[in-house]
Structure formats: C-alpha cells, structure tokens
Amino acid sequence: MKLHHTLAIGALFCAAVVTAALAQQSINSSQMATSLANVSGNNRLSMTGAQMRQAVLDNIRDNPGALPPRPMSFPQLEGLTQFVVEVDFDFGSAVIRPSSYRTVGAIADALHHPLLLGYGFLVIGHTDSVGSRQSNVGLSQRRAEAIREALVEPFGVNPAVLDAVGMGEEQLRDPAHPTSGVNRRVQLVNVGKKFCFGHSGEQFVCQ
Amino acid sequence: MKRTSFGLALLILIGGGGAASAQTMSYAEAISQIATVCKNDIARFCKGVPLGPRLRACFDANAARMSPQCQQTTGVVYASITRRATAQRDIGEVCSADILRLCGTSFADANLVTCMAGLAPQAMSPRCYQTFVDTGWATEKARP
Numbered sequence: 536m537k538l539h540h541t542l543a544i545g546a547l548f549c550a551a552v553v554t555a556a557l558a559q560q561s562i563n564s565s566q567m568a569t570s571l572a573n574v575s576g577n578n579r580l581s582m583t584g585a586q587m588r589q590a591v592l593d594n595i596r597d598n599p600g601a602l603p604p605r606p607m608s609f610p611q612l613e614g615l616t617q618f619v620v621e622v623d624f625d626f627g628s629a630v631i632r633p634s635s636y637r638t639v640g641a642i643a644d645a646l647h648h649p650l651l652l653g654y655g656f657l658v659i660g661h662t663d664s665v666g667s668r669q670s671n672v673g674l675s676q677r678r679a680e681a682i683r684e685a686l687v688e689p690f691g692v693n694p695a696v697l698d699a700v701g702m703g704e705e706q707l708r709d710p711a712h713p714t715s716g717v718n719r720r721v722q723l724v725n726v727g728k729k730f731c732f733g734h735s736g737e738q739f740v741c742q
Numbered sequence: 051m052k053r054t055s056f057g058l059a060l061l062i063l064i065g066g067g068g069a070a071s072a073q074t075m076s077y078a079e080a081i082s083q084i085a086t087v088c089k090n091d092i093a094r095f096c097k098g099v100p101l102g103p104r105l106r107a108c109f110d111a112n113a114a115r116m117s118p119q120c121q122q123t124t125g126v127v128y129a130s131i132t133r134r135a136t137a138q139r140d141i142g143e144v145c146s147a148d149i150l151r152l153c154g155t156s157f158a159d160a161n162l163v164t165c166m167a168g169l170a171p172q173a174m175s176p177r178c179y180q181t182f183v184d185t186g187w188a189t190e191k192a193r194p
C-alpha cells in the first residue's frame with residue numbers, strides 16, 4: 536500500500552510561526568520567493584550542510600532511545616528565512632510522486648525568482664517517527680537529495696547553491712504526536728547570499 | 051549560421067518587432083502538465099523513476115510506446131523548461147551590454163529585472179529581449 540506523505544504547508548518567517556495551511560495546488564512561487572527573500576541584513580548560515588548532517592548523527596549517538604528526547608535545535612538557523620512545503624514520496628522511498636511534481640516546479644520557479652538570485656539554500660527533509668531514527672535520517676537525506684537533483688536537472692538551479700540535509704525524526708514538528716503527518720515535511724532555508732554578479736554578468740563568490 | 055532555436059523560429063513566425071513573443075511556461079505549470087497528461091504512462095513505463103534526468107531518459111527510451119498525448123506533452127514541456135532555464139542562466143552574458151547601457155547596474159538583482167521590465171522591447175537588442183522574455187521574469191514582476 537502507498538501512503539501519501541502529506542502535511543501542512545506554511546511560510547515560516549525567521550523562527551516565528553506559521554500562516555494558514557494552503558492547499559497543495561495553490562502553492563504560489565511568487566509568495567514563496569517573497570517569503571524566502573525576506574532576509575534581514577546579511578544573515579548567513581554559520582554552519583555547513585556537512586556539519587548539520589554530522590550534528591544529526593551525533594544527536595542519535597548522544598541521546599539514544601526510540602525517540603529523540605527533544606527536538607534538535609539549531610540556533611544557527613534562527614534569523615534565516617524559511618519555507619516549509621509538503622512533498623509526496625512513494626512509501627519508504629525517495630521517489631517523488633507525480634502529484635508533487637508541481638510543487639517541485641514551484642520551488643524551482645521560486646529559487647529562480649529575481650529576488651533570490653545568488654542566494655544559497657538548504658533543502659532539509661524531515662520524517663515522522665515510524666522506523667528507526669538512523670534509517671529515518673538516511674531516508675530523509677535521500678529524499679532531500681532527490682528534490683535537489685530534480686531542481687538541478689531539468690529545472691536548471693545551480694547545484695552550487697543547493698545543499699541537502701536529512702534530519703530524520705530528530706526535529707519533530709509535533710513531538711506529542713510523533714507519527715503524525717505534520718512531522719513529514721521539507722524545509723527550504725535561505726542560507727544567505729552566495730554569488731554576486733559583476734557588470735558583465737559574471738558570477739563570483741561574494742566576499 | 052547557428053542552428054535556429056525553437057524560440058527564435060517562433061519569434062520569427064509571430065513577427066517579432068516588439069510584439070509579445072512566445073512565452074515559456076513556469077516550471078510548475080510545465081511539469082504539472084506532464085504529471086497530468088502522462089500519469090498513466092508514468093505508472094506503466096516509468097514507475098519508481100525519480101523526477102529529474104532519469105525520468106526524462108525514461109520518456110525518451112519509451113517514446114514509441116507512450117500515448118501520443120504524453121509524447122507530445124513531454125516534447126513541448128521539456129523544450130519550454132530548457133528554454134527558460136537556458137535564458138535564466140545566460141541572460142547576464144546575453145544582455146550585459148544592454149544592461150550597462152540602459153540600466154546602469156550590475157547584473158542579477160531584482161532592481162535590474164524591474165529596470166528591464168520597464169524598458170520598451172525595441173530599446174534592447176532582439177536577442178536580449180527574447181532572452182528576457184524566455185526567463186519569465188517580465189511576467190513574474192507583473193504579479194503582486
């Protein structure tokens with residue numbers, strides 16, 4: 536049997552909370568871009584995707600148990616703009632269902648929006664608590680990478696601005712209901728300006 | 051002579067010269083056409099194939115067996131996606147002279163797109179104008 540991994544969609548501004556849930560069909564890439572572009576000052580993520588992936592594994596090692604004792608916190612993400620979307624995957628797999636193709640296309644539209652030119656993004660995948668913590672980290676990592684892969688080809692997002700992180704169940708949105716669908720989500724985080732552009736259109740890494 | 055692209059051919063057909071030239075689809079619209087029209091073909095021939103280069107390769111490999119509607123849709127959709135992605139990638143280079151002359155700004159921020167959207171099409175070189183249209187940014191900025 537196939538399970539739809541559905542969950543609410545909301546725009547998160549900084550660490551603050553959420554707008555009303557939207558139907559999946561109505562994802563508006565302009566809204567998404569505007570939310571993601573709402574950057575205050577020169578906020579940049581002060582850790583790499585690789586460090587974040589390691590922190591997730593360390594959290595399982597340091598806080599063993601069937602469930603994480605508390606949702607992991609990443610103070611480094613505070614002050615960064617984010618957008619949370621729902622993407623349906625085949626059950627237990629990293630294959631995006633056709634019902635979510637439009638959502639991935641909308642993410643691509645948003646990341647190509649002029650407001651977001653040159654910015655870098657983290658694609659963070661989250662699961663619910665069904666399955667082991669370790670395997671959920673692997674599954675969410677593969678899912679985040681599947682989204683990254685589709686954004687790059689065919690949608691032409693520069694792979695250098697995208698990193699993928701699998702958070703597994705280490706940051707449940709609703710820890711009181713760890714198997715609830717609201718925990719399954721994909722988080723897009725604007726990690727700050729990566730590329731600047733010169734007068735001839737040439738790209739260079741921002742200082 | 052360079053191979054005439056699909057976009058340019060269309061532009062010539064429509065007549066160019068400041069008339070609105072053929073638009074590319076948004077990525078969301080484009081890929082959802084495939085999800086809708088090719089739903090059954092994906093389930094039959096490309097089940098479990100990830101969205102991305104492998105899905106496109108699966109469409110190519112099974113073209114002869116797919117429904118004519120899906121075959122046609124994948125052709126149109128991937129052409130549009132490629133044209134938009136190429137334009138978004140290359141516009142800085144294609145338009146660098148126009149941008150410097152008309153907008154006096156460094157490339158690739160929202161201000162620049164606003165400047166370009168406010169220009170008369172004839173003000174830009176035809177190639178720059180077509181590339182700008184292909185990016186989809188002109189219509190993007192028109193939205194609230």
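Just so you know, the protein sequences line up as chains A and B, in that order. Residues 536 to 742 (our numbering) make up the first sequence, in order. Residues 51 to 194 (our numbering) make up the second sequence, in order. Don't be surprised by glycine CBs; every beta carbon is placed ideally from N, CA and C.
*In chain order, which continuous runs of the beta strand (DSSP E) of length 3 or greater are located wholly inside the region 578-648 of chain A?*
Restricting attention to beta strand (DSSP E) runs no shorter than 3 residues, the region 578-648 of chain A encloses them at 617-620, ordered along the chain.
_Counting C-beta neighbours from all protein chains within 10 Å, is the total for residue 706(A) 16 or more, i.e. buried, or is it exposed?_
Buried, since its Cβ has 16 or more Cβ neighbours within 10 Å.
*Can you have a look at residue 602(A) and say buried or exposed, based on whether 16 or more other CB atoms are within 10 angstroms of its CB?*
It counts as exposed.
_residue 581(A) versus residue 739(A): straight-line alpha-carbon distance, rounded_ = The alpha-carbon atoms of residue 581(A) and residue 739(A) are separated by roughly 20 Å.
_residue 702(A) - DSSP class collapsed to helix/strand/coil_ = It is a strand residue.
*Look at residue 122(B) and residue 185(B) and say whether their C-beta atoms are less than 7 Å apart.*
Cβ distance not < 7 Å, so residue 122(B) and residue 185(B) don't count as in contact.
*Is the Cβ of residue 101(B) closer than 7 Å to any Cβ of chain A?*
Taking Cβ atoms only, chain A reaches closer than 7 Å to residue 101(B), which makes this a yes.
_Quick check: the Cα distance between residue 625(A) and residue 709(A), rounded to an integer number of angstroms?_
CA-to-CA, the gap between residue 625(A) and residue 709(A) works out to about 22 Å.
*Counting only the same chain and skipping the five closest in sequence on each side, list residues whose C-beta sits under 8 Å from that of residue 630(A).*
Answer for residue 630(A): 624, 681, listed in chain order.
*Bridge-paired residues (DSSP) for residue 656(A)*: Looking at the DSSP assignment, residue 656(A) forms a beta bridge with 697(A), 725(A).
_Can you tell me which residues form a DSSP beta bridge with residue 731(A)?_
Partner(s): 739(A).
*Compare the C-beta of residue 690(A) with all C-beta atoms of chain B and state if any pair is closer than 7 Å.*
Chain B contact via Cβ: present.
*Could you have a look at residue 719(A) and say whether DSSP puts it in helix, strand or coil?*
It is coil, neither helix nor strand.
*Report the residue ranges of all alpha helix (DSSP H) runs contained in full by the region 113-147 of chain B; include only those spanning at least 4 residues, in chain order.*
Correct list: 118-144.
*Can the beta-carbon of residue 651(A) be found less than 7 Å from the beta-carbon of residue 692(A)?*
No, the Cβ-Cβ distance between residue 651(A) and residue 692(A) is not below 7 Å.
*Hey, how far is the Cα of residue 124(B) from the Cα of residue 132(B)?*
In this model, residue 124(B) and residue 132(B) are separated by some 12 Å (Cα to Cα).
*Please confirm if the region 683-697 of chain A is in contact with the region 591-607 of chain A, defined as three or more CB-CB distances below 8 Å between the two stretches.*
No, the region 683-697 of chain A is not in contact with the region 591-607 of chain A.
*Excluding the five sequence neighbours on either side, which residues of its own chain have a C-beta within less than 6 Å of the C-beta of residue 114(B), listed in chain order?*
Cβ neighbours of residue 114(B) beyond the five flanking positions: none.
*Got a sec: is the Cβ-Cβ distance from residue 630(A) to anything in chain B below 7 Å?*
Contact of residue 630(A) with chain B is assigned, a C-beta pair being separated by under 7 Å.
*Check each candidate in 643(A), 656(A), 654(A) and name the one with the smallest Cα separation from residue 80(B).*
Of the listed residues, the one whose Cα sits closest to residue 80(B) is 643(A).
*Since residue 149(B) and residue 181(B) are thought to touch, with beta carbons under 8 Å apart, how far apart are those beta carbons, to the nearest angstrom?*
Not quite, the Cβ-Cβ distance comes to about 11 Å (not below 8 Å), so this is no contact.
*Neighbouring residues, chain A, relative to residue 98(B) (Cβ below 9 Å)*: For residue 98(B), the residues of chain A that pass the 9 Å Cβ criterion are 625, 628, 630, in the order they occur in the chain.
*If you follow the alpha helix (DSSP H) that residue 176(B) is part of, which residue opens it and which one closes it?*
Going by DSSP, residue 176(B) is part of the alpha helix (DSSP H) stretching over 176-185.
_For residue 562(A) and residue 641(A), the rounded distance between their alpha carbons_ = About 7 Å.
*Bridge partner(s) assigned by DSSP for residue 661(A)*: Paired residues: 703(A), 720(A).
*To the nearest angstrom, how far is it from the Cα of residue 722(A) to the Cα of residue 637(A)?*
Residue 722(A) and residue 637(A): Cα-Cα distance of roughly 16 Å.
*Given that residue 647(A) touches chain B, what residues does it touch there, using C-beta distances under 7 Å?*
Those within 7 Å of residue 647(A) in chain B are 138.
*With a cut-off of 8 Å on the beta carbons, I'd call residue 587(A) and residue 696(A) a contact; round off their distance for me.*
Incorrect: roughly 16 Å between the Cβ atoms, too far for contact.
*Out of 161(B), 146(B), 120(B), point me to the one whose CA is closest to residue 179(B)'s CA.*
Of 161(B), 146(B), 120(B), the residue nearest in Cα terms is 146(B).
_Quick check on DSSP: helix, strand or coil for residue 171(B)?_
Residue 171(B) falls in the helix class under three-state DSSP.
*Would a C-beta distance cut-off of 7 Å place residue 660(A) and residue 678(A) closer than the cut-off?*
Yes, they are a contact pair.
*Output the boundary residues of the alpha helix (DSSP H) element that contains residue 154(B).*
First-last for residue 154(B): undefined, no H or E at that position.
_Buried or exposed, going by whether 16 or more other CB atoms sit within 10 Å of the CB of residue 119(B)?_
So residue 119(B) counts as exposed.
_Element boundaries [alpha helix (DSSP H), containing residue 97(B)]_ = No alpha helix (DSSP H) contains residue 97(B), which DSSP labels as neither H nor E.
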